[in-house]
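Undergrad: Have a look at this one before I ask anything.
Residue numbers (our numbering): -2 to 591.
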């Protein structure tokens, strides 16, 4: 009796333990695990999302204030120990913090057996950057030691409006290889007039050198800048995101190192330029902001001409410097010359050595009266940053000789010994003196009827009427002749090329076969090429190449398509007659255009 009770109790305990184990086995878990909860700004964080049953529709956190270096990397682990199976699936991410402080890692979601499971949020504390270990096998150490982004500045202390160049270069070397580059942040150059130089597709120079050591070199960007204000100006950094292939510490069956994929954000760093103002001492009045090395000239297209003819006065500056950023001096001429607004012409090229070329303004000038007109000299000043001095160039004083035309009136004043050299002009539209003596002429009243004017107008109207009749008759007759000519040409071409199709009027299939063959024979005769083996697109392009109008070429192709369709769906006799006449008309039109 006692043994029976013990046996039942033991069976009951076994059933309870089995049920408890089944309950434990059926419980679903989905957790988030981090490699550390406190890290430096330059360290990486590993995040694992682990589940004990397979799921679908995995939704990772937003990773706000983190940069995803790599991931998700998926791994699955199955095991069977003492008759008990276990399963785990993991999604792994590697992150880099973007800022210091407390950052919340939000929830991830996944659907398992129709139910949605979420992880618990995790708080991560980000501190100042920490000193990294100089481990040659450490991935961060490998990237930091073998990748450089450099901004090469031609002059870090330029003058205001003096051109400088910046070349951004990316250096990398073994064992790092770069598979992709994305520009995350570009400098804005807000305080500069800037021009980017087109360098085409980036090329890798395997013989580059950085600080005397060999590197692979990539020229990423070239920019020419002209500072627009003096003082300390900040250059925003260029930031790139690199996709890398890096050898890991693991090896395959053959002893070779396994390559891993990674991300690296690299920046050229913020640069500061100390821009010097232009010196005020010795600055000429004619200075308008030109900085560089320039030549200046004033050129006249004519120095002798007649009145009412025009000539051009060209003010031209050429050289190297800020050609886009200063104003050319204006021409100064006597008031008796009519001057129009100048036409500005720029022939400028920007290279790594700076902006060079020429800028000119062409004035059109028209003299109204004869005489000799002086064109005063013009001064152009610029600042040369190499010798740190201003220079002024003056044009020659020129004379324009107007040797033929009306003479401008010169007013003389009694008891005056000084007469101005500049002629005073009297416009044709100016008021003249009132005449004191008058001469009247008698006005004769003559009747218009039967007068000379009457017969002149009558005869002129009669001649116009006769000419109108003759011209109208000639045009109508010519139009009718042209229409008859077209009809004769169409009948002639139809008789020559469509005779076989005409004989097959009674059989639609034979008719359309003969009509299509006739159309190709016509093209063969006109284009000197066999077109029956060509596509309709090619035939249309050949016709258009031969100057046949587009609508006529399309009409021809449409007729060929009708012939192809009619073999399988023969038309009525009326449509056969219409297609025959259409073919005749198209041939005549093409023949005329060819």
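From the three backbone atoms N, C-alpha and C, an ideal C-beta is built for every residue, glycine too.
What is the DSSP secondary structure of residue 189, reduced to helix, strand or coil?
TA: By one-based count along the chain shown, residue 189 stands at place 192. DSSP places residue 189 in strand when its eight states are reduced to three.
Undergrad: Cβ of residue 236 within 8 Å of Cβ of residue 264?
TA: To locate residue 236, count along the chain shown from 1; it is residue 239. To locate residue 264, count along the chain shown from 1; it is residue 267. For residue 236 and residue 264, yes; Cβs fall inside 8 Å.
Undergrad: Please report the straight-line C-alpha distance between residue 325 and residue 123, rounded to a whole angstrom.
TA: Position 328 of the chain shown, counted from the first residue, corresponds to residue 325. Position 126 of the chain shown, counted from the first residue, corresponds to residue 123. Roughly 58 Å separates the two Cα atoms.
Undergrad: How big is the Cα-Cα spacing for residue 68 and residue 152?
TA: Within the chain shown, numbered from 1, the residue matching residue 68 stands at position 71. Within the chain shown, numbered from 1, the residue matching residue 152 stands at position 155. Going from the Cα of residue 68 to the Cα of residue 152 covers about 43 Å.
Undergrad: Nearest-angstrom Cα distance between residue 448 and residue 309?
TA: Numbered from its first residue, the chain shown carries residue 448 at position 451. Numbered from its first residue, the chain shown carries residue 309 at position 312. Going by the C-alpha atoms only, they are around 56 Å apart.
Undergrad: Please state the DSSP three-state secondary structure of residue 452.
TA: Numbered from 1 along the chain shown, position 455 holds the residue referred to as residue 452. Of the three classes helix, strand and coil, the one that applies to residue 452 here is helix, per DSSP.
Undergrad: Going by beta carbon distance, what residues of the same chain come within less than 8 Å of residue 354, once the five residues before and after it are set aside?
TA: Counting from one through the chain shown, the residue named residue 354 turns up at place 357. Within the same chain, residue 354 has close Cβ partners 315, 320, 343, 344, 345 and 346.
Undergrad: Got a sec? Which residues, its chain only, sit under 6 Å from residue 140 by beta carbon, not counting five neighbours each side?
TA: Walking along the chain shown from the start, residue 140 turns up at place 143. Contacts found: 261.
Undergrad: Classify residue 105: buried if its beta carbon has 16 or more other beta carbons within 10 angstroms, exposed otherwise.
TA: For the purposes of this step, residue 105 is taken as residue 108 along the chain shown, with counting starting at 1. Label assigned to residue 105: buried.
Undergrad: Can you look up residue 579 in the DSSP assignment and give me helix, strand or coil?
TA: Here residue 579 refers to the residue found at position 582 of the chain shown. Of the three classes helix, strand and coil, the one that applies to residue 579 here is helix, per DSSP.
Undergrad: Once DSSP output is grouped into helix, strand and coil, what is the label at residue 84?
TA: Sequence index remark: in the chain shown, residue 84 carries index 87 (1-based). Residue 84 falls in the strand class under three-state DSSP.
Undergrad: By how many angstroms is the C-alpha of residue 284 removed from the C-alpha of residue 375?
TA: Numbered from its first residue, the chain shown carries residue 375 at position 378. Numbered from its first residue, the chain shown carries residue 284 at position 287. In a straight line, the C-alpha of residue 375 is about 12 Å away from that of residue 284.
Undergrad: Give me the Cα-Cα distance between residue 266 and residue 357, rounded to the nearest whole angstrom.
TA: Within the chain shown, the letter at position 269 stands for residue 266. Within the chain shown, the letter at position 360 stands for residue 357. Going by the C-alpha atoms only, they are around 40 Å apart.
Undergrad: Can you look up residue 102 in the DSSP assignment and give me helix, strand or coil?
TA: Within the chain shown, the letter at position 105 stands for residue 102. Residue 102: strand per DSSP, three-state reduction.
Undergrad: Could you give the DSSP three-state label for residue 373: helix, strand or coil?
TA: Taking the first residue of the chain shown as position 1, residue 373 is located at position 376. If DSSP states are grouped into helix, strand and coil, residue 373 belongs with coil.
Undergrad: From which residue to which residue does the beta strand (DSSP E) around residue 512 run?
TA: By one-based count along the chain shown, residue 512 stands at place 515. First-last for residue 512: 505 to 524, but that is the alpha helix (DSSP H), not the beta strand (DSSP E).
Undergrad: Suppose only complete runs of 3+ residues qualify. What are the beta strand (DSSP E) ranges in the segment 280 to 356, listed by chain order?
TA: Segments of the beta strand (DSSP E) lying fully in the segment 280 to 356: 284 to 297, 301 to 303, 308 to 318, 334 to 336 and 340 to 348.
Undergrad: Do residue 232 and residue 268 have their C-beta atoms closer together than 8 Å?
TA: On the chain shown, residue 232 is found 235 positions in, with the first residue counted as 1. On the chain shown, residue 268 is found 271 positions in, with the first residue counted as 1. Against a cut-off of 8 Å, the Cβ pair of residue 268 and residue 232 comes out as a contact.
Undergrad: In the DSSP output, what is residue 388 paired with across the bridge?
TA: Position 391 of the chain shown, counting from 1, holds the residue named residue 388. Answer is 379, bridged to residue 388.
Undergrad: When you compare each of 44, 170 and 373 to residue 142 by their alpha carbons, which one comes out closest?
TA: The residue labelled residue 142 in the question sits at position 145 within the chain shown. When only C-alpha atoms are compared, the closest one is 170.
Undergrad: On the DSSP letters alone, give me the boundaries of the beta strand (DSSP E) that residue 366 sits inside.
TA: Counted from its first residue, the chain shown places residue 366 at position 369. Per DSSP, residue 366 belongs to no beta strand (DSSP E) and is neither H nor E.
Undergrad: I need the DSSP call for residue 195, collapsed to helix, strand or coil.
TA: Within the chain shown, numbered from 1, the residue matching residue 195 stands at position 198. Looking at residue 195 - three-state DSSP - the assignment turns out to be coil, as it is neither helix nor strand.
Undergrad: Please report the straight-line C-alpha distance between residue 495 and residue 472, rounded to a whole angstrom.
TA: On the chain shown, position 498 is the one that residue 495 refers to. On the chain shown, position 475 is the one that residue 472 refers to. For residue 495 and residue 472, the distance between alpha carbons rounds to 33 Å.
Undergrad: Would you tell me roughly how many angstroms separate the C-alpha atoms of residue 278 and residue 385, rounded to the nearest one?
TA: Counted from its first residue, the chain shown places residue 278 at position 281. Counted from its first residue, the chain shown places residue 385 at position 388. Cα to Cα, residue 278 sits roughly 11 Å from residue 385.
Undergrad: Rounded to the nearest angstrom, what separates residue 521 and residue 527 at their Cα positions?
TA: Taking the chain shown and counting its residues from 1, the one referred to as residue 521 is at position 524. Taking the chain shown and counting its residues from 1, the one referred to as residue 527 is at position 530. Computed Cα separation, rounded: 5 Å.
Undergrad: Give the single residue among 588, 446, 229 and 87 whose Cα lies nearest to the Cα of residue 270.
TA: Along the chain shown, one-based indexing puts residue 270 at 273. Nearest option by C-alpha distance: 229.
Undergrad: Straight-line CA distance for residue 148 to residue 205?
TA: Position 151 of the chain shown, counted from the first residue, corresponds to residue 148. Position 208 of the chain shown, counted from the first residue, corresponds to residue 205. Using only the alpha carbons, I get a separation of about 15 Å.
Undergrad: Look at residue 44 and residue 96 and say whether their C-beta atoms are less than 8 Å apart.
TA: By one-based count along the chain shown, residue 44 stands at place 47. By one-based count along the chain shown, residue 96 stands at place 99. Result no, Cβ atoms of residue 44 and residue 96 do not sit closer than 8 Å.
Undergrad: Quick check: does the Cβ of residue 371 come within less than 7 Å of any heavy atom belonging to the ligand PLP?
TA: Annotation note on the ligand PLP: not contained in the displayed structure, which lists no ligands.
Undergrad: Measure the alpha-carbon distance for residue 55 versus residue 198 and round it to whole angstroms.
TA: Position 58 of the chain shown holds residue 55. Position 201 of the chain shown holds residue 198. In a straight line, the C-alpha of residue 55 is about 39 Å away from that of residue 198.
Undergrad: Considering only their Cβ atoms, is the gap separating residue 583 from residue 549 smaller than 8 Å?
TA: Looking up residue 549 in the chain shown gives position 552. Looking up residue 583 in the chain shown gives position 586. Cβ distance < 8 Å, so residue 549 and residue 583 count as in contact.
Undergrad: From what residue to what residue does the alpha helix (DSSP H) around residue 540 run?
TA: As a position in the chain shown, residue 540 is number 543, starting the count at 1. Counting along the chain, the alpha helix (DSSP H) containing residue 540 begins and ends at 533 to 542.
Undergrad: By alpha-carbon positions, which one of 466, 290 and 91 ends up nearest to residue 40?
TA: The count along the chain shown starts at 1 and reaches residue 40 at position 43. Looking at the Cα atoms, 91 is the closest of the given residues.
Undergrad: I need the DSSP call for residue 572, collapsed to helix, strand or coil.
TA: Translated into positions along the chain shown, residue 572 becomes position 575. Looking at residue 572 - three-state DSSP - the assignment turns out to be helix.
Undergrad: Quick check: what's the CA-CA separation for residue 341 versus residue 361?
TA: Walking along the chain shown from the start, residue 341 turns up at place 344. Walking along the chain shown from the start, residue 361 turns up at place 364. Rounded to whole angstroms, residue 341 to residue 361 spans 12 Å at the Cα level.
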